[in-house]
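Our numbering puts the sequence shown at residues 1 to 344.
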Amino acid sequence: MADFYFDKKTLNDYTEKPERFNNKKDGYAKVYCVESIATLYPQGMDSAPISFFRHMNVDKVRFAGMVQTGNGPLSVQREAHIHDLAGPSTPIQRYQKLSDSPLLYGYSAEEPFCEYRYYEDGKITWKEGKNGSILDVTLEPFPFAFFLHRCEQFPVSTFYTHPHVIRGTYEGKEIIGIGNDDRQFIPDVKVDAITQEKNYQKTTDYLTANCAGVREDGRREIAFFNGNYGHLAGGYWLEGEEPIVDGNVQIMGDWVHLPYCDDGTCVMTRFAFKIGPKVIHFEGKWGLKGWTSTPNLAKHGQSQVLGTFYEGDHPYKHTVWQTFVENMAAFDEKLKQVGYNVID
């Protein structure tokens, strides 16, 4: 099987050591983190969205933040909810199986309250704040997740990302959005004989674009790209068509300096990915730099932008969508060295 592909997520993929990754190539991988990323539109689809990111190990919160994105791709965020969310100092009930019938996995924290529940039909329930006062939503899964196995062009050894439509309430108000069930897996060093023989790319130097949406005609759509700045791989799927995967994705566009950074950090605000016969266009609309109260200037080379996407020559709309683009170690001189144009 190829190193990366679209597939239906199975119940076994909820476990800490999914069967599909329990092999020599993947280092008999075990789950390292259970990530939740979401784009919420409390002011409507034409207004700047809320961006939420919770990064979890199986037994602790690494970080969590919910921010109001800024207007314009070079703008910055402001705090929505950060200090009232379960964070690194919050004790949690670790990620685990909670019942066999129905099959249910999850984790939770009491104060500040959060609760994630992963059900056997693929749905996820997610609450933040007491009685779901901040967020109380159900995530409805897309038919496919994008899986990748241990390979050098990706920044983590083994990974999957699965988009879901979000429905429920934010601060008591009805909302819609898209979120992802993302999981990273790392080799089990107790049984992986080749871990010490080959160093795989670290998660400090990469470009990623994670796009999902529902078109106005109801068809769901996924475009996912990841890799280092000289070698991108990824996949594209539109409901009703065969999925496309490509280990040599081309990215076309210019990099722009972040105006509030003085260290050469860049972001791409308009670009296109060529994957097989398809070209996916992205237009950045809303900016952020980290999920902190103010821009995370200490994270040199990190840039993020949200926006819209479409495939082909003619733009079209989605009824709901998420486009999350993140770059790490995106410095002007390095980008120029690998052939990109940087706008000063």
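The beta carbon of each residue, even a glycine, is placed where N, CA and C say it ideally should be.
Excluding its 5 nearest sequence neighbours in each direction, Tyr260 has C-beta neighbours in its own chain below 7 Å: Val76, Pro295, listed in chain order. At the C-beta level, Ile275 and Val249 come within 7 Å of one another. Just measuring C-alpha positions, the residue of Tyr41, Tyr229, Ala86 sitting nearest Gln68 is Tyr41. Of Gly65, Thr158, Tyr32, the smallest CA-CA separation from Ile134 is found for Gly65. A residue is called buried when at least 16 other Cβ atoms come within 10 angstroms of its Cβ; Val338 does not meet this threshold and is exposed. When only Cα atoms are considered, Glu171 and Lys25 end up about 45 Å apart. Comparing C-alpha distances from Glu110 to each of Tyr118, Glu128, Asp121, Ala223 shows the shortest one belongs to Glu128. Put simply, the backbone Cα of Phe273 is about 30 Å away from that of Arg167.
Bridge partners of Cys261 according to DSSP: none are assigned. By the Cβ test, the segment 318-337 is not in contact with the segment 100-120, since fewer than three Cβ pairs between them sit closer than 8 Å.
Comparing alpha carbon positions, the residue from Phe63, Pro88, Asp46 closest to Gly70 is Asp46.
As the crow flies, the alpha-carbon of Ser51 is around 18 Å from that of Arg183. In the three-state DSSP reduction, Arg20 falls in the helix class (H, G or I).
For the pair Gly230 and Lys60, the Cα-to-Cα distance works out to about 34 Å. Taken through DSSP and simplified to helix, strand or coil, Asn327 comes out as strand. With a 10 Å radius around the Cβ and a threshold of 16 neighbouring Cβ atoms, Gly235 comes out buried. Between Gln93 and Ser108 a beta carbon distance of about 5 Å is seen, short of the 8 Å cut, so the two are scored as contacting. Annotation for Lys123: Thr138, Leu139, Glu140, Pro141 place their beta carbon closer than 7 Å to its own, counting only its chain and skipping 5 residues before and after. Looking at the DSSP output, Met252 shares a beta bridge with Ala272.
Close CB contacts of Ala80 within its chain, under the 6 Å cut and outside five residues either way in sequence, are with Ile50, Met66, Val67, Gln68 (chain order). If you look at Lys130, you'll find it isn't in any alpha helix (DSSP H); DSSP assigns it neither H nor E. Per DSSP, Leu104 is one residue of the beta strand (DSSP E) stretching across 103-109. One Cα belongs to His318, the other to Glu216, and the distance between them is close to 5 Å.
In the structure shown, Tyr340 falls within a coil segment according to DSSP collapsed to helix, strand and coil.
Taking every protein chain shown into account, the CB of Asn23 has fewer than 16 other CB atoms within 10 angstroms, so this residue is exposed. For Asp263, same chain residues with a beta-carbon under 7 Å away, outside a window of 5 residues either side, are His300 in chain order. Taking every protein chain shown into account, the CB of Ala298 has fewer than 16 other CB atoms within 10 angstroms, so this residue is exposed. Under DSSP, Lys30 forms a beta bridge with Ile186. DSSP places Lys334 in the helix class (H, G or I) of the three-state scheme.
Taking 7 Å as the cut-off, the beta carbon of Val245 is found closer than this to the beta carbon of Tyr5. Under the criterion of beta carbons closer than 8 Å, Gly284 and Gly307 qualify as touching, at roughly 4 Å.
In the structure shown, Tyr95 falls within a strand segment according to DSSP collapsed to helix, strand and coil. Counting only residues of its own chain and dropping the five nearest sequence neighbours on each side, Pro88 has a CB closer than 8 Å to the CB of Lys60, Val61, Arg62, Phe63.
Note on geometry: alpha-carbon atoms of Asp136 and Asp313 lie some 38 Å from one another.
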